[in-house]
Each structure stands twice: as C-alpha cells, then as structure tokens.
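S.K.: Can you keep this structure in mind? I'll have questions shortly.
Residue numbers (UniProt numbering): 1 to 402.
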C-alpha cells in the first residue's frame, strides 16, 4: 500500500509539473507575440529596436524575479541545494518559470507604449526595478495574501479580490506603469503639428497580425493554466477566453470601422478583460465582457491620441490599463450567480483591489521613470529619433537592400 501511495503521489506531482511547464512555455511564446505586434506597429526604422527590447527585457526580468521579485511575492528563495529544489519533480521551480512569464509581460507591455523614442539601457534599468520590486509587491498582496488585504476584504465584504489570471495584477499594472512612462517621455517628434495629430502608419500589417495571433494562441496557456495544477483545470476558463476574444474582435471590427490595427487588437482587449473572471463567468458574460473591452479600446485609443495627446504607440494604456481595469470590475459583475456565474465574488472587493492596482502602478511608474529620467535620461536625442532607434542604438537596420 505504501508503494502504491508513493506511485500515486509521484504521478500527481509529475503531472502537475508537466501541466504548468506547458503553460510556462505557451506564455513564453507570447513574448514573440509582443515583439511582432510592436515590430508591425512601429515605423521600419525602429523594428530592430522592438525585437531587441523584448528579448533583453525578458532576460533581465528573469534575473530580477529569480533573485528578488519572487522572494518578495511568495517568500521563496532558490539559494538552496539542487536536491531540495528538485523535490516533487521540481514543481516549485516550474511554478517560478510560469509566474516569471507573467512578470516579464510587464516590461513587454511598457515597451509598446514608449517605442520609437526611449533609450535602451535606461529602459532595462526600469525593467529591473519594476520586476524586482513594484510588480511583486502587488502580486504578493493579491496572489499570496501579503499584508492582510485579502483577509480584510474577505471579512468585510464576504470575498477577497478575485483575479484568476491577471487582468489587474499583470495587465492593468503594465498599462498604468506604461502611462507614467509615456507621459514622462512626451510624444514622438512630429506626432503633433499645430495641435493636430499626424498619422504614423504601421510598418507591417502582416507582422502586426502575426503578433496578435501568437498572443491569442498563447493566451489559452495564460488563462487555462493559471489553475497551476491538473486537477484544477477547467474547460469553462478555455471557453470563456474564447468567447471574450471573439467578442472583442467583433466589437473592434464594428466600432473601428474595419481598421486592421483595431481589428487585431480587439481580441487582445477581450482576453485582457476576461483574465480576472474567466473561471467564474458564464460564457455569455465573457462574451459581453470581451465586446465591451473591444469597443472600449477603440474609443479610448482614439481619444488618447487625438484629444488627450498621449502618444502611446501601441495603445498599451487603453488595451492593458483600461481593459484590465474593466476586467477587474467585470469579474465582480458577471461572476455573480444572479448573472449565471459561479458566485463567491464581491463587486466592492473588485473595485478596491482594482483601484489599489492602479495606484501602485501609477505611483511606482512615476517614481521609477522619474528617477531614471533625472539620473540617466529617458529619451533619445532629436537626431537619434530622426534616424531611428535601429541605426542610433543597434547600428543596423531591419532590412538590407543589397
């Protein structure tokens, strides 16, 4: 019997390890989506820089999260013998890998907002500070119960702040951090002339579409495998993600009047919004959540660029920041059993947790990017920006005519 129980335990641990490893690999692949979405959106003279930023940011994010960030969030350190770390088929290590891919999404999101005029090394410095300290601080509060906020919300409102896959913890955090960086950087040269917006056309719609599709496919690992164990997996999460993606696509297609940029960001808006409540909502509620997010993205991207003169190149603040906020709130609405959800969620707790995420991101963003701007400088010179980040920083263009 003891041998039988040992075999069962080994099978459970190995299955869970493989399950979360597959999720980590799928979310890792999403970083290629971030890269090509940015490559296709920026002008050709900045394509190399877009690719270089995403990969470099992931590398320094890994170091920051491995040595500092994960310890702040979960109180776990990896400075132990390999024999200890490899217990239970190394599940704890693979869990770190999975959560790292979430943490590294923060600088990947920011990268799209500050594209075409941000300096390379100062952004890497910001990535280290954000992934080591700011993101883990809020992640630990929500997903590890640090500082007692979740316990207080549970006692006061009957439910803690629910964010199953990171509408607020990951996406809103990244979007509002990006807003601070974009404001401190200012608009690209020539973007506004005599107070009017000047259109900068995307360099490659096919690359933009490729990036969108990579993100869409990887997102099912992002959401479904947030269960983190095989027994916790649910087809409800998968179908809710699908319906939200479709809702965002159709809404962006209609509201955006067939614009391919809006069309290919619409599904991402829906997926951002459904992350928080994908394990609770009815599929019809997920569809509504995604549709509202798709329309919200188009309206707010247009308003930010035209009315508010916020030069957010990929629209990461509307896409991740605002749609992430909507996702946190939508979880508290469509997760209620009265609307076909599974219940166990409080709208008040959702509002409190979402607001806290926005505050932490905005304050952290202005502190980090403000300090770096004062010490190192954030922006390329006017001449460097004119020639493009590819030649100015990397000394090579994206294509050769030879």
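Here a beta-carbon is modelled for each residue, glycine too, at the ideal position from N, C-alpha and C.
Predicted model, so just to flag it, every value in this text is computed and none were measured.
Measure how close the beta-carbons of residue 297 and residue 265 come, nearest whole angstrom, since I'm counting them as under 8 Å.
M.R.: Indeed they touch by this definition, with Cβ atoms about 6 Å apart.
S.K.: Within 10 angstroms of the Cβ of residue 40, are there 16 or more other Cβ atoms? Answer buried if so, exposed if not.
M.R.: Buried is the call here.
S.K.: What does DSSP give as the partner residue(s) for residue 108 in the beta ladder?
M.R.: None; residue 108 has no bridge partner.
S.K.: With DSSP as the reference, identify every bridge partner of residue 118, one or two as the case may be.
M.R.: DSSP, once it has assigned bridges, lists 379 as partnering residue 118.
S.K.: Leaving out five residues on either side along the sequence, give the residues of the same chain with a beta carbon under 7 Å from the beta carbon of residue 180.
M.R.: The residues are 362, 365, 366, 369.
S.K.: In the structure shown, what three-state DSSP assignment does residue 314 receive?
M.R.: If DSSP states are grouped into helix, strand and coil, residue 314 belongs with coil.
S.K.: Could you compute how far the alpha carbon of residue 86 sits from the alpha carbon of residue 103?
M.R.: Rounded to whole angstroms, residue 86 to residue 103 spans 23 Å at the Cα level.
S.K.: Determine, using beta carbons only, whether residue 62 and residue 71 come nearer to each other than 7 Å.
M.R.: In this structure, residue 71 does not lie closer than 7 Å to residue 62 by Cβ.
S.K.: Skipping 5 residues on each side, what residues in its chain have a beta carbon closer than 6 Å to that of residue 21?
M.R.: Excluding positions up to five away in sequence, the list reads 94.
S.K.: Can you list, in chain order, the residues of its chain whose CB lies under 7 Å from that of residue 56, leaving out five sequence neighbours each side?
M.R.: These residues qualify, in order along the chain: 124.
S.K.: Using beta-carbon positions only, say whether residue 208 and residue 202 come within less than 7 Å of one another.
M.R.: Closer than 7 Å, so yes.
S.K.: Give me the Cα-Cα distance between residue 331 and residue 262, rounded to the nearest whole angstrom.
M.R.: Taking the straight line joining both Cα atoms gives about 24 Å.
S.K.: Would you mind stating whether residue 167 and residue 270 have Cβ atoms separated by less than 7 Å?
M.R.: No. Outside cutoff.
S.K.: Tell me, please, whether the CB atom of residue 269 is closer than 7 Å to any CB atom in chain B?
M.R.: Note that chain B does not occur in the displayed structure, where there is just one protein chain.
S.K.: Please check the pair residue 279 and residue 237, which I expect to be a contact at CB under 8 Å, by giving their CB distance rounded to whole angstroms.
M.R.: Right, the Cβ-Cβ distance comes to about 5 Å (below 8 Å), so this counts as a contact.
S.K.: Can you find the residues in the same chain that come closer than 7 Å, C-beta to C-beta, to residue 392, ignoring five residues on each side of it along the sequence?
M.R.: Only 380, 384 meet the Cβ criterion.
S.K.: Measure the Cβ-Cβ separation of residue 101 and residue 24 and say whether it is below 7 Å.
M.R.: A contact, by the Cβ cut-off of 7 Å.
S.K.: Using beta-carbon positions only, say whether residue 73 and residue 144 come within less than 7 Å of one another.
M.R.: Contact flag set, yes.
S.K.: Closer than 8 Å by C-beta to residue 304: which residues in its own chain qualify, once you throw out the five before and the five after it? Chain order, please.
M.R.: Excluding residues within five positions, the ones whose Cβ falls inside 8 Å are 310, 312, 315, 317, 318.
S.K.: How would you label residue 38, buried or exposed, when you count the other beta carbons within 10 angstroms and need 16 or more for buried?
M.R.: Buried: at least 16 other Cβ atoms inside 10 Å.
S.K.: So does the region 233-253 actually touch the region 282-292, counting three or more Cβ pairs closer than 8 Å?
M.R.: Yes, since at least three Cβ pairs between the region 233-253 and the region 282-292 fall closer than 8 Å, the two stretches touch.
S.K.: Among residues of its own chain, excluding the 5 on either side of residue 253, which ones have a beta-carbon nearer than 6 Å to its beta-carbon?
M.R.: For residue 253, where only same-chain residues beyond five positions count, the Cβ hits under 6 Å are 263.
S.K.: Tell me which same chain residues have a C-beta within less than 8 Å of the C-beta of residue 256, skipping the five on either side of it?
M.R.: Taken in chain order, the residues that qualify are 262, 263, 266, 298.
S.K.: Cβ atoms of residue 398 and residue 47: under 7 Å apart, would you say?
M.R.: Yes, these two residues count as a Cβ contact at 7 Å.
S.K.: Please classify residue 343 as buried or exposed, where buried requires at least 16 other C-beta atoms within 10 Å of its C-beta.
M.R.: It counts as exposed.
S.K.: Nearest-angstrom Cα distance between residue 138 and residue 360?
M.R.: Computed Cα separation, rounded: 7 Å.
S.K.: Which same chain residues end up closer than 6 Å to residue 233 when comparing Cβ atoms and leaving out the 5 residues on each side of it in sequence?
M.R.: These residues qualify, in order along the chain: 227.
S.K.: Could you pull the DSSP bridge partners for residue 192 from this structure?
M.R.: Its beta-bridge partners are 197.
S.K.: Please classify residue 147: is it buried, with 16 or more other beta-carbons within 10 angstroms of its beta-carbon, or exposed?
M.R.: Residue 147 comes out exposed.
S.K.: Could you tell me whether the Cβ atoms of residue 268 and residue 215 are closer together than 7 Å?
M.R.: Yes. Within cutoff.
S.K.: Let me make sure I understand the geometry here. Which of 300, 371, 75, 96 has the alpha-carbon closest to that of residue 28?
M.R.: Answer by Cα proximity: 96.
S.K.: Assign residue 396 to buried or exposed, taking buried as 16 or more other Cβ atoms, counted over all protein chains shown, within 10 Å of its Cβ.
M.R.: Answer is exposed; the Cβ neighbour count stays below 16.
S.K.: Just reading off the alpha helix (DSSP H) that residue 88 is part of, what are its end residues?
M.R.: Start and end: 87-103.
S.K.: Using a Cβ-Cβ cutoff of less than 7 Å, which residues in the same chain neighbour residue 51 once the five nearest sequence positions on both sides are dropped?
M.R.: Once the five neighbours on either side are set aside, the close Cβ partners of residue 51 are 35, 39.
S.K.: Which residue wins for smallest C-alpha separation from residue 30, given the options 19, 43, 7, 54?
M.R.: The shortest Cα separation from residue 30 among 19, 43, 7, 54 belongs to 54.
S.K.: Just to confirm before moving on: does the CB-CB distance between residue 182 and residue 190 stay below 7 Å?
M.R.: Going by C-beta atoms, residue 182 is not nearer than 7 Å to residue 190.
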